[in-house]
Amino acid sequence: MAALKITKMALNSVLALMSERWDVFVPSPSPAPGGPSGFRLFEPRPMPAPGKPGPSERDSSVNRQTCDEDTLWNGTGQGGQKGRDRENHLPEERLPQFLRRVLTVKPLKELFFPRSEPILGYCVDGAFGGNGDGTGVSVFMPEGVLPGKPRVVFGARPCDAASLTVLDRVFADEAYPDDFYISRRKNTIIVGLGCNVPAPTCFCPATGGDPFGTAGLDVLAYDLPALDGDGSSQGHYLMKAVTREGEALLGFLSEAHLGEGPSESDERACMALEERARKAIAAGLPADTQSLGRVLGGIFNHPYWATLHEKCLGCAACTYLCPTCHCFDISEEPDPGASRSGGESPKGGPERPRLTGVRVRNWDSCMFPIFTLHTSGHNPRPTGLERVRQRVMHKFYYFPENFGAVACVGCGRCVKYCPVNLDIREVISHIAALGGTGVAESISA
Amino acid sequence: MRNPYLPDIARIEKIIQETAANDVKTFRVTFVDDEVRERFSYRPGQFSEISVFGVGEAPISITSSPTQKGYLEFSVKKMGVLTTALHHSAEGDLIGIRGPYGNWFPVESMEGKNLVFIGGGIGLAPLRSLINYVLDDENRGRFNDVTIIYGARSPGDLVFKWELEKWEKRRDIDFYLTVDKGDAGWSGREGFVPTVLMEVSPSPENAVTITCGPPIMIKFVIQNLLKLGFTPAQIVTTLEMRMKCGVGKCGRCNIGSKYVCKDGPVFTYEELQRMPQEY
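Chains A and B, in that order, give the protein sequences.
When the letters of the first sequence are read in order and numbered with our numbering, they come out as residues 275 to 719.
When the letters of the second sequence are read in order and numbered with our numbering, they come out as residues 104 to 382.
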């Protein structure tokens, strides 16, 4: 099945049907008031008992009032002013409206590279180093780390999907393949949603992306608005398969009679959406980032960095929310009560202490001083200057040099959520301009 | 499931106190699993991530030579949390080891050349792997003259004294031992390593020099080597950096686009000159 059109009213049924076979993740507001939106497991609601009003009827009047852009964007509008329905998913009939507006605060990478995950468990007898005869220490895969059920993500933005093709280069390399990441990638089908109205912070075309780009996607969905005079409909999703996996997914839905093939006018509508979005996003784009490396290679010691970093607080919000940032820390989490003392190992004795725990990897950030701090006290990146420079250099120079792609997809999260308005688009354009003036050549020489 | 972070278990067979202050110890370890012992092959200059369970991991260079079969040696200075825990361990204890990681000294291109080793303090540890590789009976003939200049702050800070004696006795090595400042029992040479280097004044003709030590020593050694006529490509060194994963993913040990864990830790000075001065 190459393409399938469903009504938005049927979205909930579509997701519910998919949930029987896959774990389905959709962009959702945070369950915590004021918390960041992100991708969460879709849980189909039980059907309302006959005779009682269903949730869609009950809430339909509230929805239209509360689903304005700001409350949706901030993930605080899901309960309405009456505070009802604050659950870990949206009332289903609001989902299409939420999807239309939202680039989640938290990036898609979390589904593949979690903020924190155990990478091994260990069990040590004798508290220090085993039983003294070569036994008593074991390391193993912690349980429940890898996904069992295959997954579908519905409603990922093309920039987020493109970010996975960046992360693939790091985690699915030939030398040291990382199956924590790879296994999740392999068992996840991603249905993207093209961006009819790019946000003011969006700049994907400057990174090689597109509001309707298909990189990293298995299916691309178009949000087709209701036609004029069709007040009863919220419009349609037209889903086009990108990969074979995507085709299979659409085939599965088609077999359940949940949609129909697109008409010629639908195709024209899709093209119109693409054109309009590209035109809208073209205004205010920064310089193209794909040739930025040529300039960056020559301005390591340029005075610009000293000015640039001054307002950076080093909060690392940009790196945590960045869909392509992949730096991590590895730390030890011994189970509570399992302490090890220094000094000699206990040898023998009836009571042999046992140490168990896990080793976890957590997102980390190059914006933190401790990130590169040596035990000796030496720090190769001692101030904000080196750290901000590292972030920019890594994204637009080092990463392209190593992997042939910029490590930025233009999602604009770092622009939107930087507390001091350090706008990466301005940085990009400034650096490009340095190249244009020939400063780069003079500095490198 | 390929888990690049899963270590193999090894037993500490022997612990050697290296320094008077007991802040450097050498750990001789063997893999518990025979199969791992067979599989684990490394080249001089590579490192491993050492686990002390319940504490964590740290990257440590392998100081033994691949010609020494059946075991690995790591010389560790007590500096931080992990190294302190390791110093508290006893013979018979089990630790985790994964690796080997990183690149290695360019052994093939050193064949037929005069080798000049210049080490300072614990910086001798990574050089020692290559030195013993070169000195091995099967390999010695492939290399020309061997000069070793090694120094430490004080006689008590010299490491591998038990082995230095053997090197001193060998007639196929020019061996120069020095300390910054001697003590009552010291009758040997006094002077900083870079100064001794100028006194020894090795010829750059058909030579490669390999140096490791404190950053300040490396800096002046390189300056002096250039004065002696060595080209940057003839100067090989090995770097340290804060590391976590060891496999080029966690993102902290890069110098420019090079990851010290994967593209290093061994670099020529010529390579370093092309990299940003951020290490």
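C-beta: ideal position from N, C-alpha, C; glycine also.
Can you check DSSP and say which residues form a bridge with B/Trp289? Answer by DSSP bridge pairing: none, since B/Trp289 is not bridged.
Kindly identify the DSSP beta-bridge partner or partners of B/Val179. Bridge pairing for B/Val179: B/Lys128 [DSSP].
Would you be able to state if there are at least three C-beta pairs under 8 angstroms between the stretch 546-566 of chain A and the stretch 641-651 of chain A? Inter-segment contact for the stretch 641-651 of chain A and the stretch 546-566 of chain A is absent: fewer than three beta-carbon pairs are separated by less than 8 angstroms.
Go ahead and label B/Asp111 buried or exposed: buried means 16 or more other beta carbons lie within 10 angstroms of its beta carbon, across all protein chains shown. With 16 or more Cβ atoms within 10 Å of its Cβ, B/Asp111 is classed as buried.
Mark B/Phe128 as exposed unless 16 or more other C-beta atoms lie within 10 angstroms of its C-beta, in which case mark it buried. In the sequence on display, residue 128 of chain B carries Lys and not Phe. Classification of B/Lys128: buried, given that the 10 Å Cβ count is 16 or more.
In this structure, does DSSP put A/Pro381 in helix, strand or coil? Here A/Pro381 sits in coil by DSSP.
Can you tell me which of A/Leu438, A/Ser605 and A/Leu559 puts its alpha carbon nearest to the alpha carbon of A/Val689? Considering only alpha carbons, the answer is A/Leu559.
Helix, strand or coil for B/Ala123, going by three-state DSSP, please let me know. Per DSSP, reduced to three states, the secondary structure at B/Ala123 is coil, with no helix or strand assignment.
Looking at the unbroken beta strand (DSSP E) that takes in B/Lys269, where does it start and where does it end? Counted as a single uninterrupted DSSP element, the stretch harbouring B/Lys269 is not any beta strand (DSSP E) but the alpha helix (DSSP H) occupying residues Lys264 to Lys272.
Residue interval of the alpha helix (DSSP H) (run including A/Ala435): Taken as a continuous stretch (DSSP letters only), the alpha helix (DSSP H) holding A/Ala435 covers Pro432 to Phe445.
Quick check on A/Ala277: does DSSP put it in helix, strand or coil? Taken through DSSP and simplified to helix, strand or coil, A/Ala277 comes out as strand.
B/Asn357: buried (16+ other C-beta within 10 angstroms of its C-beta) or exposed? So B/Asn357 ends up on the buried side.
On a CA-only basis, which of A/His704, A/Cys589 and A/Arg661 is nearest A/Pro693? Give me that one, please. Closest option to A/Pro693, Cα to Cα, is A/Cys589.
With 8 angstroms as the threshold, decide whether the Cβ of B/Ser384 is near any Cβ in chain A. Lying outside 104 to 382, the shown extent of chain B, residue 384 of chain B is not represented and no answer is given.
Give the DSSP-derived three-state secondary structure of A/Cys478 in the structure shown. Under the three-state reduction of DSSP output, A/Cys478 falls in the helix class.
Check whether the Cβ atoms of A/Val465 and A/Val444 lie closer than 8 angstroms to each other. The answer is no: Cβ separation not under 8 angstroms.
Does A/Leu289 come within less than 8 angstroms of chain B when only Cβ atoms are used? No, A/Leu289 lies away from the interface with chain B (no Cβ there is under 8 angstroms from its Cβ).
Mind pulling the beta strand (DSSP E) runs of 3 or more residues that sit fully within the stretch 280-367 of chain B? Every unbroken stretch of the beta strand (DSSP E) spanning 3 or more residues and falling wholly within the stretch 280-367 of chain B is given here in chain order: 310-315 and 338-341.
Residues of chain B with CB closer than 8 angstroms to the CB of A/Cys640, please, in chain order. Within chain B, the residues Gly354 and Arg355 have their CB atoms less than 8 angstroms from the CB of A/Cys640, given in chain order.
Determine the burial state of B/Trp265: buried for a count of at least 16 other Cβ atoms within 10 Å of its Cβ, exposed for fewer. Around the beta carbon of B/Trp265, fewer than 16 other beta carbons lie within 10 angstroms, which makes this residue exposed.
Compare the C-beta of A/Asp297 against all C-beta atoms of chain B and say whether one is closer than 8 angstroms. For A/Asp297, no CB of chain B lies under 8 angstroms from its own CB, so it is not counted at the interface with that chain.
Is the Cβ-Cβ distance between A/Leu547 and A/Asn470 less than 8 angstroms? For the 8 angstroms CB-CB criterion, A/Leu547 and A/Asn470 form a contact.
Using a cut-off of 8 angstroms between C-beta atoms, extract the partners of A/Arg655 located in chain B. Within chain B, the residues near A/Arg655 are Glu381.
Going straight from the alpha carbon of A/Val427 to that of B/Asp196, what length do you get? Rounded to the nearest whole angstrom, the CA to CA distance from A/Val427 to B/Asp196 is 47 angstroms.
Could you tell me whether the Cβ atoms of A/Pro432 and A/Gly468 are closer together than 8 angstroms? Cβ distance < 8 angstroms, so A/Pro432 and A/Gly468 count as in contact.
Is there a Cβ of chain B sitting closer than 8 angstroms to that of A/Ser330, yes or no? With a pLDDT of 43 at A/Ser330, under the threshold of 50, the modelled position of this residue cannot be trusted; read the value that follows with caution. With its beta carbon at least 8 angstroms from every one in chain B, A/Ser330 lies outside the interface.
Quick check: A/Leu289 and A/Pro318, are their CB atoms within less than 8 angstroms of each other? Yes, they are a contact pair.
Let me make sure I understand the geometry here. Which of A/Arg663, A/Ser304 and A/Leu498 has the alpha-carbon closest to that of A/Gln508? Among A/Arg663, A/Ser304 and A/Leu498, the Cα nearest to that of A/Gln508 belongs to A/Leu498.
For A/His704 and A/Arg665, what's the separation of their Cα atoms in angstroms? The alpha-carbon atoms of A/His704 and A/Arg665 are separated by roughly 15 angstroms.
Is there a Cβ of chain A sitting closer than 8 angstroms to that of B/Phe130, yes or no? Chain A contact via Cβ: absent.
Under a CB-based cut-off of 8 angstroms, is A/Ser650 close to chain B? Judged by the 8 angstroms Cβ criterion, A/Ser650 is in contact with chain B.
To the nearest angstrom, how far is the alpha carbon of A/His363 from that of A/His510? Its pLDDT being 48, under 50, A/His363 is placed unreliably in this model, and the value from its coordinates should be taken loosely. About 21 angstroms.
Taking three-plus beta-carbon pairs below 8 angstroms as touching, is the stretch 208-218 of chain B in contact with the stretch 346-354 of chain B? No, because fewer than three Cβ pairs between the stretch 208-218 of chain B and the stretch 346-354 of chain B fall closer than 8 angstroms, the two stretches do not touch.
Using beta-carbon positions only, say whether B/Glu271 and B/Thr281 come within less than 8 angstroms of one another. One thing to note: B/Glu271 has its Cβ no nearer than 8 angstroms to the Cβ of B/Thr281.
Minimum C-alpha distance to A/Tyr396 - residue among B/Ser360, B/Gly157 and B/Arg131: When each option's Cα is compared against that of A/Tyr396, the closest is B/Gly157.
Classify A/Val298 as helix, strand or coil using the three-state DSSP reduction. Note: A/Val298 maps to strand in three-state DSSP.
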